[in-house]
Every structure is written in structure tokens, then in C-alpha cells.
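Engineer: Counted from 1, the sequence shown has number 47 at position 30 by my numbering; the numbering is strictly sequential. My questions will all concern the structure given below.
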Amino acid sequence: MFTDLLSTTRETWLILIAVATLTFAAYKLRSYHKLRHIPGPTWTGLSDIPHIRAFLSERCCEWYSSVSETHGPLARVGPNTVLTSSAEFWESVNVKPGYKRSKWFYNAARFDWRRDNCFTMIDVEQHDARRKRMAPGYSGRDNLELERDIDVCVVKFVHLIGSYADIRRNGAFDLANKLQFLTLDVIGLVGFGKSFGLLDVDADPHEFVRSTEDGLRRINKLMALGLSWTNRVPFLGPSAELDAEKAKGFDKMLTTSSDIVEARERAFRKSLESGSSSKAAEQRADMLASFMRNGLLGDELKTESLLQIVAGSDTTAGALRGTMLYLVTHPRAYRALQIEIDAAVREGQAPGGPGEVISYAQTKALPYLQAVVREGIRIFPPLTDPFARDVPPGGDTVIVDGRDVFIPGGVSVIPSWTAMHRDRKLYGEDAGLFRPERWLESEQPDADRLRAMRRTNDLMFGHGKYTCLGKPVALIEIHKTIFEATKPWSAASLMGLWSIKDMHVQATRRVPSEA
């Protein structure tokens with residue numbers, strides 16, 4: 018009897034294992050069948066492992082580019098994930114009804130794990146409502162001191178670089194590090210009315226830069242392994258209670274921003290309670306004031322303020338670092354930009370005195386500077402990974418490379434930014450080279466092609482209702498800094514942001530050219 022029971026138990030387990038195996042195999046075959054018409058690397062139709070490995074390598078963008086180069090503008094990179102390097106398709110993804118942000122990326126991308134911000138919101142209506150309240154602050158419409166605040170930081174940055182040229186270590190310094198100081202101080206001043214003071218002391222005493230990199234690296238690993246949910250588990254995720262005196266790094270950044278926000282909000286509420294709307298309006302005209310005037314308060318205000326710091330500083334720093342790297346390694350382009358800048362100063366089209374900074378309006382009259390900025394963003398996209406969108410439940414038939422392709426509902430679509438911006442059909446056979454002249458109308462007789470190039474380049478800042486709110490700030494900062502302003506570096510792509518260091522350069526003062 019006992020033997021019969023063991024035999025029956027063994028048979029039951031074998032049946033259960035067989036059923037589970039067949040169910041798993043059927044699920045995998047169904048997943049493979051769903052995207053069988055879209056090419057991709059070996060095993061990506063059955064497993065996410067190749068994609069996971071790419072994320073863990075911290076160079077996922079290079080894998081995406083290789084996949085696009087090999088398999089075309091629409092490629093399968095997982096059982097339920099497709100990659101596109103088609104600018105037209107990605108543009109449509111951001112405006113077509115029914116597409117929404119993919120949970121697997123955006124839930125992991127929360128900077129404050131307890132709540133969503135405008136960047137991570139998946140619900141379209143909630144996102145649109147939050148964005149509407151924030152847009153006036155980012156655009157400069159409510160932030161009348163925006164450009165002046167940026168000028169303050171740019172002057173400090175130029176002075177710091179000049180000090181290395183004059184007295185320090187024969188002019189040698191890490192430019193990547195100083196550019197991060199600049200972008201952090203800018204976002205502090207335009208966002209909170211108070212810079213972090215990194216340019217003043219030429220140091221990062223609270224380890225904001227290192228801790229942001231460490232935090233992004235941790236999130237990148239958790240997302241790749243599907244473990245980002247652990248952030249919400251007690252004792253596994255970050256502590257909700259932080260000691261402002263003992264905090265360092267990202268925790269210090271969180272407590273610092275929270276303290277500033279709380280103090281400003283108390284003053285704002287007090288002025289409203291006093292019944293004097295004019296007193297509330299007298300607050301400093303920065304982003305924080307704009308957010309509060311438009312009804313963003315409490316935890317929502319804290320979360321969006323933290324987003325400003327991390328996303329606003331890292332993306333702009335990435336664009337500046339990439340552009341500066343290609344400029345200093347391409348003497349011909351560097352010299353052409355210097356000639357245009359010297360001529361603008363000489364002819365009174367731009368200021369040239371100590372402490373004076375070119376206005377954003379004046380930069381628009383300098384075609385080569387405009388071309389350098391566009392080419393820098395194109396050749397080295399400051400964002401890399403993989404702002405995914407889910408296809409509507411009923412699926413979508415899209416046109417990619419001149420043919421109709423059906424993508425089933427629920428499939429996640431991600432952009433290959435590098436491949437998109439190095440498309441030889443659009444940018445020419447030299448698309449892999451840094452050549453600002455491709456953006457000049459005198460060098461590009463095909464007006465339609467130039468418009469397509471610009472439209473594709475602009476996708477780096479999003480499209481439609483997903484256009485980056487910080488785009489105006491970033492463009493002002495980039496144009497001003499490049500105007501004023503070996504082994505190239507160490508770089509890692511973490512959650513779509515570049516972590517760059519060891520960009521060692523040598524500064525020397527020069528005499529402006531006479532012609």
C-alpha cells in the first residue's frame with residue numbers, strides 16, 4: 018500500500034511537471050509566433066536574456082545600434098519587445114492615441130520610489146494634467162529670471178576654467194566633472210532659486226555627482242533583472258526617513274531639495290492665507306514659484322523638484338560633454354567655430370567683455386554654432402535607453418522603410434537613438450562622422466532633406482505631449498556654454514542617461530583672431 022502511494026505521488030509530480038513544461042513551451046511559442054514576421058538576433062524571439070545582458074553591460078545603446086544595423090529599422094529584441102530606428106515611426110508613437118508608456122521601464126525609472134513624477138507617469142490623463150501645471154515654469158513664461166540665472170552660472174564656469182589656464186596644474190582638469198558642476202548649479206538656481214555652489218568651491222562636498230551615478234547604476238541593474246519592485250519592499254528598498262545632518266550623496270540631494278521646497282511652500286501658503294495674492298506673486302520668479310502658483314504642492318512638488326535635479330542636470334551635461342569632446346578632437350570644426358565667435362564679438366553681434374554672456378537670441382544668429390549644437394546632439398545623443406511605449410491593445414499597422422508592418426497589441430516599442438541619428442539614408446554616407454557643415458543651408462541644397470534632419474534631431478527632446486519640459490533650459494545652457502567656453506573619457510549608459518568622467522583636458526588662454 019505504501020509503495021502504491023509513493024508510485025501515485027511520483028506519477029502526480031511527473032504529470033504536474035509535464036503540464037508545466039508544456040504550458041511554458043506553449044507560452045514561448047505563442048510569444049515567438051506573435052513577432053515571427055519581425056527579424057532580430059538569435060534567441061530574442063524566445064528569451065529576454067540578450068536584452069538583459071545588454072543592459073547589464075552599461076552599453077545597451079551600442080547593442081541597439083548593432084541590432085538596427087544588422088536587422089533594419091524594425092527589429093525584435095525580446096519576445097514582447099521591438100526596437101526601431103525609424104524616426105517617422107517613433108514620432109507617430111508619441112502622438113497616436115492608445116500608445117502608453119511601458120511599466121517595465123517607467124516604474125523602474127522613479128527617482129523617488131514612493132511616487133511618480135511627470136516623466137514616469139503611465140496614465141495619460143494624469144500625465145497631461147501634471148504637465149499642464151508645470152509647463153509655464155519650464156518655458157520661461159513664468160520664470161522671468163531664467164536666462165539671467167543661467168548667465169550667472171556660465172560666468173562662474175568660465176571663470177573656473179580660466180583659473181586652471183592661469184595657475185593650476187598647467188591647465189589640466191576633468192572637463193566632464195566641471196560641466197556636471199555647471200548643470201547642477203544651473204538647475205538649482207533656475208529651479209529653486211539657490212544653486213548648489215559646486216562651481217564656487219570647485220568640489221562636490223556632498224557627493225551629488227558620484228551618488229547620482231551610483232543610484233542610476235543600481236536602478237539600471239534592478240530594471241534589467243526585473244527587480245525594481247524591491248524598492249517598495251520594507252528593509253530592501255531605500256529608507257523613507259532620512260537624517261538631513263547625516264545624509265550624503267543622493268540622500269543629501271533629496272533632503273536638501275525637500276528642505277528648500279518645504280520652506281518655500283510654507284512662505285507661499287502663509288502669503289495666501291493672509292489674503293494677499295500680491296505677496297504670493299512677489300516670490301522669486303523661478304520654476305518652484307511657478308509650480309506652486311499653478312497648484313503643484315506637497316509631495317507632488319517635492320517629487321517634481323527632485324526630477325529637475327537628476328534629469329535636468331544629467332541630460333544637459335551629457336549633451337555638453339559629447340559636443341565638447343567632438344569639438345576638441347576635430348580641430349577644423351573647433352577653429353571654424355572660433356572664427357564665427359570672434360567675428361560676432363568684433364562686429365557687435367555678441368558681447369565680449371569680462372563677465373558678459375551672449376544672449377540666447379544672439380546665438381540664433383550664429384549658423385555654425387547652431388550647426389555644432391545639432392551635430393553634437395546627433396553624433397552623441399545625450400539619452401540612450403529605451404523610453405518604451407506599449408502598442409494599443411488592438412495592435413497597430415505602421416509604415417517602416419516603405420512597407421506595412423503589423424505590431425500586435427501590448428508589444429513594447431523602444432527607440433534606437435544612435436542608429437536613428439546616424440541613418441545614412443538621411444544624413445549621408447558620412448553619418449558616422451562629426452561634420453557640423455551638414456546642417457548649413459549653403460552646404461545642404463535639399464530643403465526637404467534638411468527639414469527631415471532637423472525634425473529627427475528634435476526627437477531627442479521628445480515629441481508631442483511627451484516633449485521634454487526642460488528643452489528650453491537645456492538649449493539655452495548648451496548654446497551659451499559652447500560659445501563661452503588622448504583618451505576621451507570613461508562612459509556608461511545608465512537608465513538612458515550618460516555617466517561620464519575622466520574627460521581630462523588642458524586649458525590655455527588665447528588671443529581672438531582678427532579675421
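All C-beta atoms in this analysis are idealised placements derived from N, C-alpha and C, irrespective of residue type, glycine included.
Between which two residues does the beta strand (DSSP E) carrying residue 91 extend?
Structural biologist: Per DSSP, residue 91 belongs to the beta strand (DSSP E) from 91-95.
Engineer: Using 8 Å for Cβ pairs, my map puts residue 410 next to residue 427. What's the rounded Cβ distance?
Structural biologist: About 7 Å; that satisfies the 8 Å criterion.
Engineer: If the criterion is Cβ atoms closer than 8 Å, does the pair residue 145 and residue 207 meet it?
Structural biologist: In this structure, residue 207 does not lie closer than 8 Å to residue 145 by Cβ.
Engineer: Since residue 117 sits in a beta bridge, which residues does DSSP pair it with?
Structural biologist: Residue 117 is bridged to 407.
Engineer: CA-CA distance, residue 381 and residue 387?
Structural biologist: Going by the C-alpha atoms only, they are around 7 Å apart.
Engineer: Going by DSSP in three states, residue 504 sits in which element: helix, strand or coil?
Structural biologist: Per-residue confidence for residue 504 stands at a pLDDT of 36, beneath the threshold of 50, marking its modelled position as unreliable; the derived number appears in the next sentence. Coil at residue 504, not helix or strand.
Engineer: Would you mind stating whether residue 489 and residue 228 have Cβ atoms separated by less than 8 Å?
Structural biologist: No, these two residues do not count as a Cβ contact at 8 Å.
Engineer: Look at the alpha carbon of residue 332 and the alpha carbon of residue 32, and state the distance between them as a whole number of angstroms.
Structural biologist: Cα to Cα, residue 332 sits roughly 54 Å from residue 32.
Engineer: Would you kindly work out how many angstroms separate the C-alpha atoms of residue 328 and residue 34, rounded to a whole number?
Structural biologist: Their Cα atoms are separated by approximately 47 Å.
Engineer: Pull up the distance between the alpha-carbon of residue 142 and that of residue 134, whole angstroms please.
Structural biologist: So the two alpha carbons sit approximately 13 Å from each other.
Engineer: Could you have a look at residue 98 and say whether DSSP puts it in helix, strand or coil?
Structural biologist: Three-state DSSP puts residue 98 in a strand.
Engineer: Per DSSP, what are the beta-bridge partners of residue 421 in this structure?
Structural biologist: In DSSP, residue 421 forms a bridge with 416.
Engineer: Could you give the residue range of the beta strand (DSSP E) that holds residue 330?
Structural biologist: First-last for residue 330: 315-345, but that is the alpha helix (DSSP H), not the beta strand (DSSP E).
Engineer: Short of 6 Å in beta carbon distance, which residues of its chain neighbour residue 299, apart from the five on each side in sequence? Order them along the chain.
Structural biologist: Here residue 299 scores only 48 on pLDDT, less than 50, and its place in the model should not be relied on; the value that follows carries that caveat. Within the same chain, residue 299 has no close Cβ partners at all.
Engineer: DSSP on residue 489, reduced to helix/strand/coil?
Structural biologist: Residue 489: helix per DSSP, three-state reduction.
Engineer: Please classify residue 153: does DSSP put it in a helix, a strand, or coil?
Structural biologist: Residue 153: helix per DSSP, three-state reduction.
Engineer: Looking at the unbroken beta strand (DSSP E) that takes in residue 432, where does it start and where does it end?
Structural biologist: Element bounds for residue 432: 429-432.
Engineer: Going by Cα to Cα distance, which pick from 421, 401, 225, 177 is closest to residue 330?
Structural biologist: Of 421, 401, 225, 177, the residue nearest in Cα terms is 225.
Engineer: Suppose you measure from the CA of residue 270 to the CA of residue 368; what does that come to, to the nearest Å?
Structural biologist: Spanning the two alpha carbons is a distance of roughly 35 Å.
Engineer: Select from 466, 454, 422 the residue whose C-alpha is nearest the C-alpha of residue 101.
Structural biologist: The shortest C-alpha separation from residue 101 is found at 422.
Engineer: What three-state label does DSSP hand residue 213 in the structure shown?
Structural biologist: Looking at residue 213 - three-state DSSP - the assignment turns out to be coil, as it is neither helix nor strand.
Engineer: Quick one: what's got a C-beta closer than 7 Å to residue 314's C-beta in the same chain, skipping five residues either side?
Structural biologist: Within the same chain, residue 314 has close Cβ partners 282.
Engineer: Taking 6 Å as the limit between beta carbons, can you name the residues of its chain near residue 413, skipping five residues before and five after?
Structural biologist: Once the five neighbours on either side are set aside, the close Cβ partners of residue 413 are 424.
Engineer: In the DSSP assignment, find the alpha helix (DSSP H) that holds residue 83 and state where it starts and stops.
Structural biologist: Unbroken alpha helix (DSSP H) run through residue 83: 77-88.
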